[in-house]
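Chemist: Before we start, here is the structure in question, set down as structure tokens.
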Amino acid sequence: MSDYFDRQHDKAYTRVYKEQTPDILKTWNDFNTAVFAKEGREIPLKYRELLAVAVAITTQCVYCIDAHSQAAVRAGATEAELAETAWVATALRAGGGFAHGRLAFKLGEEAAHQH
Numbered sequence: 001m002s003d004y005f006d007r008q009h010d011k012a013y014t015r016v017y018k019e020q021t022p023d024i025l026k027t028w029n030d031f032n033t034a035v036f037a038k039e040g041r042e043i044p045l046k047y048r049e050l051l052a053v054a055v056a057i058t059t060q061c062v063y064c065i066d067a068h069s070q071a072a073v074r075a076g077a078t079e080a081e082l083a084e085t086a087w088v089a090t091a092l093r094a095g096g097g098f099a100h101g102r103l104a105f106k107l108g109e110e111a112a113h114q115h
């Protein structure tokens, strides 16, 4: 990960979005700000940030893991909550492998019957 992840310098490349698609960048920023607003949402911010951490772990987005882990802690998440969040994400990733493994058996069986 450290070969391509550079927290300090990578943000400089946002300039491309600013130069080439400023309208889309503004819309995305407004959307993201609304999703992670401190007030006015049904799910408390700490839990929305923990959800974001779980999704970031499953999508393996190091930038999202970085930003949302820090935001979750600032919103009051504990190390234990981050650990459980990581395990929830891990369980879902593993569950996906299990479920798609069954699909492989089904599709393999179909191929066996075609011969």
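Read left to right, the sequence shown gives residues 1 to 115 (full-length UniProt numbering).
The C-beta atom is built at its ideal place from N, Cα and C for all residues, glycine as well.
1) Rounded to the nearest angstrom, what separates A71 and Q60 at their Cα positions?
2) Let me know the secondary structure DSSP gives G96 once reduced to three states.
3) Please go through the stretch 27-89 and give each complete alpha helix (DSSP H) segment of 4 or more residues, from N-terminal end onward.
4) Using the Cα positions of P44 and K38, report the straight-line distance between them to the nearest angstrom.
5) Do the stretch 49-60 and the stretch 85-96 meet, that is, are 3 or more Cβ pairs less than 8 Å apart?
6) So what's D23 in DSSP terms, helix, strand or just coil?
7) With H, G and I counted as helix, E and B as strand and the rest as coil, what does DSSP make of R15?
8) Determine the direct distance from the alpha carbon of D6 to that of E19, and round the result to whole angstroms.
Modeler: The structure says:
1) Your numbering for residue 71 matches position 71 in the sequence shown. Your numbering for residue 60 matches position 60 in the sequence shown. Note on geometry: alpha-carbon atoms of A71 and Q60 lie some 17 Å from one another.
2) Within the sequence shown, numbered from 1, the residue matching residue 96 stands at position 96. Shown here, G96 sits in a helix according to DSSP, grouped into three states.
3) Fully contained in the stretch 27-89 are the following alpha helix (DSSP H) runs of length 4 or more, in chain order: 45-59, 62-74.
4) Residue numbering aside, residue 44 sits at position 44 when the sequence shown is read from its first letter. Residue numbering aside, residue 38 sits at position 38 when the sequence shown is read from its first letter. As the crow flies, the alpha-carbon of P44 is around 8 Å from that of K38.
5) Taking 8 Å as the limit for Cβ pairs, the verdict is that the stretch 85-96 does touch the stretch 49-60.
6) By 1-based counting over the sequence shown, the position of residue 23 is 23. Collapsing the DSSP output to three states places D23 in a helix.
7) For this step, residue 15 is matched to residue 15 along the sequence shown. When secondary structure is reduced to three states using DSSP, R15 falls in the helix class.
8) Along the sequence shown, one-based indexing puts residue 19 at 19. Along the sequence shown, one-based indexing puts residue 6 at 6. E19 and D6 have their C-alpha atoms some 21 Å from each other.
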